[in-house]
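The opening position of the sequence shown corresponds to residue 673 in our numbering, with each subsequent residue numbered one higher. Ideal placement from N, C-alpha and C gives every residue a C-beta, glycine not left out. Quick caveat: nothing in here was measured; it's all calculated off a predicted structure. In what follows, a single structure is set out as C-alpha cells and then discussed.
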Amino acid sequence: MDNRNQTTLIKEIKKWKKKRGALIIAHNYQIPGIQDVADFVGDSLELSQKAAQAPEKIIVFCGVHFMAESAAIFSPDKTVLIPDSNAGCSLAASIDAEELRKWKRRYPKALVVSYVNTTAEVKAESDYCCTSTNAIQVVNFIPKDREIIFTPDLFLGDYVARMTGRKIYVYPGECHVHARVRPKDIFAKLGKYPGAEFLIHPECGCVSECMHYVAVGEIPEKTTHIFSTGGMMNYAKNSKSKQFVIATETGILHRLKKENPAKEFIPLREDMVCEYMKMITPEKLLNSLINLEYEVKVPRDIAEKARIPIERMLEISKKE
Ligand code: 13P
Ligand code: SF4
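Next comes the structure, spelled out in C-alpha cells:
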C-alpha cells in the first residue's frame, strides 16, 4: 500500500475509533501498522489488565483469540472485538478442557496452573492462571505441600519447575514459533555478537537447556535474561547496554527499536514469526470498527468459572 492510502486508512481508523468510543489494544507481536495505531501496546498480562480497567465500552483486541476471550471474561458488559476471528494460537490449541479433565483425574491431588495461552474452557477447569511474567510468582504462592499440574507450555513449565524446585506435572504443549529455537542458534548469535545482552522468552524450546549452559558457564549468566515480552521491553529501556539479541517473535523488534532508537536489537532467528498474530491488518481493524466484527463472546457459566483463576493471578501479581 502506498503512503497516501496508508495515511487515509489510519485517519479512517481514528475517525471510527472516536465514533465508536472504542479502545484499541495490541500485543507486542502485532505488525507495526497495528502497533502504531493502537492506544496501548503490551504483553498478555498488561493487555488483560488494561481491558479490565478501561472505561470504553468497546475494546478492539489486536492479538490472538484466547487473549480477546480473557478480555471478554473480565468485561461481560463490554463488547470485545477481534479483527480476524481466525487469529488462533498453536499453544492454546494444544490442550482442550476434556484433556485437562483427564489430567486432573490422573493427578487428583494436584492444583492446576494454566498459562494464559489457553481457551476459556481450559481456564474454567484451572485453579490459577499465569503469564510468563508471573508464572514463578504464582507457583510460589501455592502451598509447598500441594502438587501442581502446569499447562499447556512444556518449556515454561520445565523452567518454572526448575526455578521453584516444586513437584510439577508439566503438560507437553508447545508454541510452534518458540519451539524451534535450539541452543546452536544461541551459540551462533552470541558468537557473532559477544557484547550483546541476551533476552529470551520462557516459551523458547531450549530454555531449560539454556539454563544448563548458563550454569556451566557456556552462555554468560550476567547478560542472559528470561523475560515475558513486557519484561523485555522494560529491561531494554532501563539497561545501559547498547546491543541485545532477542529470542522471541520478531514483532516485538518494532517496539523495541521505536522506544530505544539509540540501541541495536538483533533477532535470534528471523523466522520466529507467528502467522496468527500477523493476521490482524489495518484494513481488518477498520472493518472491525465499522461493522463491529468479530465479537468474542464467552458463555456466562464458563466466563464465571474462568474468571476465578485469572482473578487469583491478578491478585498474586499485585503483591509484588
Ligand atoms: P507474553 O505474555 O510474554 O506477552 O507472551 C504471549 C505469547 O503469546 C508468547 O508467544
Ligand atoms: Fe501462540 Fe506462539 Fe503465536 Fe504466542 S507466538 S500467540 S504462543 S502461536
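Fill in: Between the CA atoms of Ile952 and Lys816 - distance to the nearest angstrom
Their backbone Cα atoms lie some 42 Å apart in a straight line.
Worksheet item: Among all residues, which have a Cβ less than 5 Å from at least one non-hydrogen atom of the ligand 13P, and in what chain order do they fall?
Response: Asp715, Ser716, Thr803, Ser804, Ser900 and Thr901
Worksheet item: At a cut-off of 8 Å, is His926 close to the ligand SF4 when judged by its beta-carbon and the heavy atoms of the ligand?
Response: Short note on His926: C-beta not closer than 8 Å to any heavy atom of the ligand SF4.
Fill in: Three-state class that DSSP yields for Asp825 in the structure shown
strand
Practice prompt. Sort Lys950, Pro844 and Gly829 by Cα distance to Arg838 and report the nearest one.
Written response: Gly829
Discussion item. Taking 8 Å as the cut-off, is the C-beta of Tyr948 nearer than that to any heavy atom in the ligand SF4?
Written reply: yes
Discussion item. Taking the straight line between their C-alpha atoms, what separation do you get for Leu958 and Gly705?
Written reply: 12 Å
Discussion item. With DSSP as the reference, identify every bridge partner of Gly714, one or two as the case may be.
Written reply: His699
Fill in: Beta-carbon separation (whole angstroms), His848 vs Ser762, contact threshold 8 Å
4 Å
Practice prompt. Take Thr896 as the anchor and find which of Leu871, Ala908, Asp711 and Ser960 has the nearest alpha-carbon.
Written response: Leu871
Fill in: Three-state secondary structure assigned by DSSP to Val849
coil
Item to complete: Using alpha carbons as the reference points, say which of Val732, Ser716 and Asp973 lies closest to Ala710.
Response: Val732
Practice prompt. Pick helix, strand or coil for His873, following the three-state DSSP scheme.
Written response: coil
Worksheet item: Could you check where the alpha helix (DSSP H) with Tyr907 kicks off and where it finishes?
Response: Start and end: Thr901 to Asn910.
Worksheet item: Would Arg979 be called buried (16 or more neighbouring beta carbons within 10 Å of its own) or exposed?
Response: buried
Practice prompt. Drop a sphere of 10 angstroms on the beta-carbon of Asn910, count the other beta-carbons inside from all chains shown, and report buried for 16 or more, exposed for fewer.
Written response: exposed
Worksheet item: Thinking C-beta only, is Ile696 closer than 9 Å to Tyr966?
Response: no
Worksheet item: Can you tell me whether DSSP reads Glu936 as helix, strand or coil?
Response: In the structure shown, Glu936 sits in a strand (DSSP, three-state: E or B).
Item to complete: With DSSP as the reference, label Cys882 as helix, strand or coil.
Response: Correct three-state label for Cys882: helix.
Worksheet item: So does Leu862 have its beta carbon nearer than 8 Å to some heavy atom of the ligand SF4?
Response: No; taking the cut-off as 8 Å, the Cβ of Leu862 has no heavy atom of the ligand SF4 nearer than that.
Fill in: Nearest to His737 (by Cα), restricted to the options Lys774, Ala769 and Thr790
Thr790
Worksheet item: So what does DSSP say about Leu763, is it helix, strand or coil?
Response: Of the three classes helix, strand and coil, the one that applies to Leu763 here is coil, per DSSP.
Fill in: Thr751 - partner residues in DSSP beta bridges
Ile730
Practice prompt. Locate the alpha helix (DSSP H) running through Ala782, then write down its first and last residues.
Written response: No alpha helix (DSSP H) contains Ala782, which DSSP labels as neither H nor E.
Worksheet item: What are the partner residues of Cys946, as DSSP defines its beta bridges?
Response: Beta-bridge pairing by DSSP links Cys946 to no other residue.
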